[in-house]
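In the numbering used here, the protein residues as written are 5 to 263.
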Amino acid sequence: MTPEDAAEVIRQQFSGEFLEFCKDCFHDRPQKLTAKRWDSTCSADAAHTWDPVLVHHLSEKSRKHVYSQVRPLQQNCKFTYCSHVQQGKPCWHEAGHCQSAQSEVEMAVWKAEHSGMSVRPHLLQMSRRDQTEHRKVTMYCKICLLVLSSPESFYKHCSSLEHAQLLSVDTTARWKGRQPPHNHRSELWLCDRPQTCEYGNKCPKAHSVEELQEWFMRAEEEKEIRHNIGVQGLMCYSERLLEEYKHSSNEVHVVSTRL
Ligand SMILES: [Zn+2]
Ligand SMILES: [Zn+2]
Ligand SMILES: [Zn+2]
Ligand SMILES: [Zn+2]
Ligand SMILES: [Zn+2]
């Protein structure tokens, strides 16, 4: 088997395309997808000297886009998957600290490379033949898998309900009860009269000891997610969201029960 053959196998196994984006822009906060310009710089205003990362692009139902970097194979790679990715979430590990594969494509490329096949140039070459246009600078939300055309639309997106919900609801599927009104553990209370409470489902206090216990656990988990998001430089957005969320908790609750 030649590297070309190995690349062809990978390409047939995974639909989508392989692209190169500016490394600095790709690791920027927020993440940018920036192609190469004619003068060997990236096409962002910063005009970084061209140093690309290999990225696999898959678009699902035209609106959602999955951009997963195929990072270089590490020397003592264990060929395991990232624990977050295994749960269907984006990797929230500290940048550069996640040694595990973050996608099946990455795993396939690593395995090919491990067996001595230098597949990257061939994957790129094959994709170039049938490539869609990627000339503009775009911003990418890895939580919602959305591509946004400007920083303005990115910030707008980050304050959208859809993004806020995905960000917080993502990891909370296992919870049974209502959403807590906020994430301040010390300010979560038990309702005085859960049986006759006029607020019903909208009551900001827990209606049972079980519900209060769950709210405490959720508050802890939120803290952990916030920490991980912070590590990836998205804290300012999530902070803002959590502030908004706190102030509009009833609104959010009403919407989420309607879904
Ligand atoms: Zn750049
Ligand atoms: Zn990871
Ligand atoms: Zn988003
Ligand atoms: Zn109540
Ligand atoms: Zn940590």
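Note that CB positions come from ideal geometry on N, CA and C, so glycine has one too.
Closer than 7 Å: residue i CB and nearest ligand 3 heavy atom
i, result
"I147", "yes"
"H167", "yes"
"L37", "no"
"L170", "yes"
"S216", "Checking the sequence shown, residue 216 turns out to be Leu, not Ser. For ligand 3, not one heavy atom lies less than 7 Å from the Cβ of L216."
"K46", "Position check: residue 46 holds Cys in this sequence, whereas Lys was assumed. It does not: the Cβ of C46 is nowhere closer than 7 Å to a heavy atom of ligand 3."
"L128", "no"
"H97", "no"
Euclidean distance between Cα positions of residue i and residue j
i, j, result
"V123", "Q35", "26 Å"
"E24", "L58", "5 Å"
"Y159", "C148", "13 Å"
"L150", "S157", "11 Å"
"W96", "Y144", "16 Å"
"I14", "T84", "18 Å"
"P185", "S104", "36 Å"
"K227", "N187", "8 Å"
"R230", "M5", "46 Å"
"V141", "S190", "44 Å"
"E21", "L37", "14 Å"
"P155", "S164", "14 Å"
"K68", "S19", "15 Å"
"G120", "Q169", "44 Å"
"E64", "P198", "45 Å"
"S87", "L194", "35 Å"
Bridge-paired residues (DSSP) for residue i
i, result
"S63", "H69"
"V57", "F25"
"T45", "T53"
"A210", "L194"
"K36", "M143"
Contact test: residue i Cβ vs ligand 1 heavy atom, cutoff 7 Å
i, result
"H186", "no"
Q.
Check whether the stretch 214-223 and the stretch 180-198 touch, using three or more Cβ-Cβ pairs below 8 Å as the test.
A. yes
Q) Going along the chain, which unbroken runs of the beta strand (DSSP E) with 3 or more residues stay wholly within the stretch 80-150? A) 142-145
Q) For the stretch 46-54 against the stretch 75-83, are there 3 or more C-beta pairs whose distance is under 8 Å? A) No contact exists between the stretch 46-54 and the stretch 75-83.
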